[in-house]
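Residues 523 to 716 (our numbering) are what the sequence shown spells out, left to right. First up is the structure itself, then whatever we jot down about it.
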Amino acid sequence: MKLLRAGAVAAIATLSLAQVSEAASLKTAVFAGGCFWSTEKAMESLPGVTSAVSGYAGGALQNPTYENHRGHLEAVKVTYDPAKISYAKLVDGFFHHIDPTDAGGQICDRGPSYTTAVFVADGAETATAQAVKAQVAKTLGKPVATRILTGGKFWPAEAYHQDYAKRNPANYEAYRIGCGRDRALKAVWGSASR
523 MKLLRAGAVA
533 AIATLSLAQV
543 SEAASLKTAV
553 FAGGCFWSTE
563 KAMESLPGVT
573 SAVSGYAGGA
583 LQNPTYENHR
593 GHLEAVKVTY
603 DPAKISYAKL
613 VDGFFHHIDP
623 TDAGGQICDR
633 GPSYTTAVFV
643 ADGAETATAQ
653 AVKAQVAKTL
663 GKPVATRILT
673 GGKFWPAEAY
683 HQDYAKRNPA
693 NYEAYRIGCG
703 RDRALKAVWG
713 SASR
């Protein structure tokens, strides 16, 4: 019995080290894709993404809230495993879930806080994001309005916004259908819409 317990403890210790190692290898990226409910849901669907958190980015206001986030974009902080999805594929996946040609917002969500952006952390991410953006412009045959911005502080949104599509599926689907999101993305991306 003691041998079994010792083996179980060793297995748990090994599992914990593996989990710690995996967590250490995860990376984060921030994207603004219009309504953060839709961006969070879309980014969580990509293989290799472990989580997505809705919030605010790109502004100077400290502790923004949904009622007051002037200067910030609705954004999503994505945690991903680079062994399962490259940064380039992550950025490409983001672009395929938005209308990158829309400079005034996204679908039915209009205004500055709903404009799109890829927030980059360093020169390598900047070069990758710019290359993906150029490829998107070539594919669509139109200028891309999505900005590439230097990452700053990300502020998580209020708890009721987190995992909104999962926790409120009927309300989210009503919003999505009413907004015409799927139809609009199909018009932009055709069969490549996701």
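C-beta: ideal position from N, C-alpha, C; glycine also.
According to DSSP, is residue i part of a helix, a strand, or is it coil?
i	result
L502	What the structure shows of the chain is the stretch from 523 to 716, and residue 502 is not part of that stretch, so it cannot be assessed.
G700	helix
A692	helix
G555	strand
T661	helix
A540	Low confidence applies to A540: its pLDDT is 47, below 50, so where it sits in the model is not reliable, and the reading given next is rough at best. Correct three-state label for A540: helix.
T668	coil
L525	Any reading at L525 is ruled out, since the residue's pLDDT is 47, under 50, leaving its predicted position unreliable.
Check this for me: beta carbons of residue i and residue j, under 7 Å apart or not?
i	j	result
A679	S576	yes
G663	A643	no
G580	H591	no
S635	E596	yes
F641	V571	no
G555	I607	no
I670	Q657	no
A610	T650	yes
Y697	A687	no
How close, in whole Å, do the beta carbons of residue i and residue j come, if the pair is a contact with beta carbons under 8 Å?
i	j	result
V598	T561	4 Å
K655	T668	6 Å
H618	W559	Going by Cβ atoms, the distance from H618 to W559 rounds to 18 Å, so no, they are not a contact pair.
P665	T623	7 Å
So with Cβ pairs under 7 Å, would you call residue i a contact of chain B?
i	result
Y588	The chain inventory of the structure shown lacks chain B, comprising one protein chain alone.
task: Counting only runs of 3+ residues fully inside the region 566-629, write out the beta strand (DSSP E) ranges in chain order.
output: 571-579 and 595-602
message: At 3 residues or longer, what runs of the beta strand (DSSP E) sit wholly inside the region 629-654?
response: Listed in chain order, they are 638-642.
message: Can you confirm whether the region 581-588 touches the region 618-628 when touching is taken to mean that 3 or more C-beta pairs between the two stretches lie within less than 8 Å?
response: no
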